[in-house]
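Position one of the sequence shown corresponds to residue 1 (full-length UniProt numbering), numbered consecutively onward.
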Amino acid sequence: MPQDLKAQLKTFVPPPEPTRIESLETLSPTLTRTLVEYNYRDREQHSTQVEFPLSIRETEAVAGRDLQTVLQLIDLGKVFIRDKTFFPPSATLTAIAEVLEEGDYYSD
Numbered sequence: 001m002p003q004d005l006k007a008q009l010k011t012f013v014p015p016p017e018p019t020r021i022e023s024l025e026t027l028s029p030t031l032t033r034t035l036v037e038y039n040y041r042d043r044e045q046h047s048t049q050v051e052f053p054l055s056i057r058e059t060e061a062v063a064g065r066d067l068q069t070v071l072q073l074i075d076l077g078k079v080f081i082r083d084k085t086f087f088p089p090s091a092t093l094t095a096i097a098e099v100l101e102e103g104d105y106y107s108d
């Protein structure tokens, strides 16, 4: 951001509020959500309670090791992006997913 614009904005834009992250001591086994559907034939709205199972996945230690592994792949020249799209080809994504300790977080 240009310095002159930053100085002008500081005169009337309030500073952002501090970041707050809420946390829990224990995790509930399920998350309950209300699913709302509309029946066009009856012209009525129906609500259904849906429960989703929750689980904890400790990834902090694994992430550090996975980062080191991916950096080694980059050093070996096995990771690259396309010049036109700036995205990696599927072969690169597959190579990365194969070396991750707990596999890829996102499924295909």
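In this text, a Cβ means the ideal position worked out from N, Cα and C, and glycines have one as well.
- In the structure shown, S23 falls within a coil segment according to DSSP collapsed to helix, strand and coil.
- Spatial neighbours of V99 in its own chain (CB-CB distance under 7 angstroms, excluding positions within 5 residues in sequence) are listed in chain order as T69, L73.
- Taking a contact to require three or more Cβ pairs closer than 8 angstroms, the stretch 27-35 and the stretch 47-56 qualify as touching.
- For the pair L31 and F52, the CB atoms are nearer than the 8 angstroms cut-off.
- DSSP lists T34 as the beta-bridge partner residues of Q49.
- Excluding its 5 nearest sequence neighbours in each direction, A97 has C-beta neighbours in its own chain below 7 angstroms: G103, D104, listed in chain order.
- Its chain contains no residue whose beta carbon lies nearer than 6 angstroms to that of R20 once the 5 sequence neighbours on both sides are disregarded.
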